[in-house]
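Contents: one structure, followed by commentary.
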Amino acid sequence: MPELPEVETVRRGLLPVLEGKTILKAEVRRPDLRWPFPENMAERLTGMRVLRLRRRSKYILADLSSQETLIIHLGMSGRMLIDGTATADFHSNPVLPDKHDHVILHTDAPARVTFNDARRFGAMDLAPTEQVEAHWLLGKLGPEPLGNAFNENYLVARFKGRNTPVKSALLDQRIVAGLGNIYVCEVLHRTGISPKRKAGKIGVDRVQSLVPAIRDVLNEAISSGGSSLRDYRQADGELGYFQHNFTVYDREGQGCTRAGCDGEIARVVQSGRSSFYCPVCQR
DNA sequence: ATGTGTTCCTGTCCGC
DNA sequence: TGCGGACAGGAACACA
């Protein structure tokens, strides 16, 4: 589920139960996810106040009162579940954890925040807040697509001379940090660029058109995710469930939605990932 | 340096 | 109903 808009949606959903709150207890129910958890993670979280809950690319960063920052990545299947918001539940009605509930934070919101990740491609680490940007997971990330450093001149320069398909280039987190398979497909459809076109061989004006398209798609997705935040206030406690009407993603065989285009959405595999596109209007 | 394929893990869905 | 295979929103890593 998590590309940038989903991670941002999750972050916003977590704000009321984490930011400014204290972690009363941390349950670490296995030693690792994609990588081993840091030494004594439970102890280093317990008693800490979350000063600020930030996002960098697809990472959620929780700055702690201990001057350490908790780095969270959701991988492919990671979810943050919130429950126990009713005081009575929190204190007296613990729910039996699911087998994929790996880390549980009890806060004084009061709330129980559960990191659930079936495939375990997610990650958690702790780093000094002052140096967190240089953490090995974050240090090589490109600019935020919604920030000022990501602009037309930048993208033109980064695409110049690249022989890789534009699909791969936009998935490269060193070029721009936060896009994933869905939104790259959507952006390319919106700009009429074939995912197979080499990044270095796209006209300057078309490369430039990618920048506002990326911003628009991400902002629209965040807006939709924001509205879906209401879901977790309901009984199941689910957070960040993202609904969106895709124009190409997962629409193989269906008609192209572009006005006046009668193409049929195709699927091709590029470096192991599915690309969905319209062979008629994407060139 | 750059480009591509493999790998980690579990769950779900689809055809036989 | 079971079984095998394909596939899944990520990205580090090994290798040409």
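If you count the first sequence from 1, you need to add 4 to reach the numbering used here.
Ideal Cβ placement from N, Cα and C applies to all residues, glycine included.
Task: Residues of its chain near PHE163, where Cβ-Cβ distance is below 7 Å and the 5 sequence neighbours each way are ignored - done: So the qualifying residues of the chain are ALA173, ALA203, GLY204, ILE206, VAL211.
TODO: Provide the residue span of the alpha helix (DSSP H) that contains LYS171, from first to last.
DONE: 170 to 175 is the extent of the alpha helix (DSSP H) around LYS171.
Task: In chain order, each beta strand (DSSP E) run of at least 3 residues that lies wholly inside the segment 145 to 225 - done: Correct list: empty.
Task: Exposed unless 16 or more other CB atoms sit within 10 angstroms - verdict on GLU137 - done: By the neighbour-count rule (16 or more Cβ atoms within 10 Å), GLU137 is not buried but exposed.
TODO: Flag this pair as touching only if the segment 67 to 80 and the segment 124 to 136 have three or more C-beta atom pairs under 8 Å; answer yes or no.
DONE: In this structure the segment 67 to 80 lies against the segment 124 to 136, because at least three pairs of beta carbons, one per stretch, are closer than 8 Å.
Open item on the list: Does GLY146 pass the burial test, meaning 16 or more other C-beta atoms within 10 Å, or should it be called exposed?
Closed with: Here GLY146 is buried: its Cβ has 16 or more other Cβ atoms, across all protein chains shown, within 10 Å.
Task: Boundaries (first-last residue) of the alpha helix (DSSP H) holding PRO132 - done: From DSSP, PRO132 is part of no alpha helix (DSSP H) but of the beta strand (DSSP E) over 127 to 132.
- [ ] Taking the CB atoms as reference points, tell me whether MET84 and PHE125 lie closer together than 8 Å.
- [x] The answer is no: Cβ separation not under 8 Å.
Task: Contact set for SER278: own chain, Cβ-Cβ below 6 Å, skip 5 residues either direction - done: Shown here for SER278: same chain residues with a beta carbon closer than 6 Å to its own, the five before and five after excluded, namely ARG271 in chain order.
Task: Close beta carbons around VAL215, own chain, < 8 Å, minus the five adjacent residues each side - done: Shown here for VAL215: same chain residues with a beta carbon closer than 8 Å to its own, the five before and five after excluded, namely PHE154, ASN155, GLU156, LEU159 in chain order.
TODO: May I have the straight-line CA-CA distance separating CYS285 from GLY184, to the nearest angstrom?
DONE: CYS285 and GLY184: Cα-Cα distance of roughly 22 Å.
Task: Classification of PHE94 by the beta-carbon crowding that lies within 10 angstroms, buried from 16 upward - done: Unreliable placement is indicated for PHE94, whose pLDDT of 42 sits below 50; no coordinate value is reported for it.
- [ ] Could you work out which residue in MET80, HIS106, ASP220 is closest to PRO7 when comparing CA atoms only?
- [x] Checking the sequence, you will find Glu at residue 7 rather than Pro. Ranking the options by Cα distance to GLU7, first place goes to MET80.
Task: Nearest-angstrom Cα separation, counted from GLU268 out to GLY144 - done: First, the amino acid is wrong: residue 144 is Lys here, not Gly. It is roughly 38 Å from the alpha-carbon of LYS144 to the alpha-carbon of GLU268.
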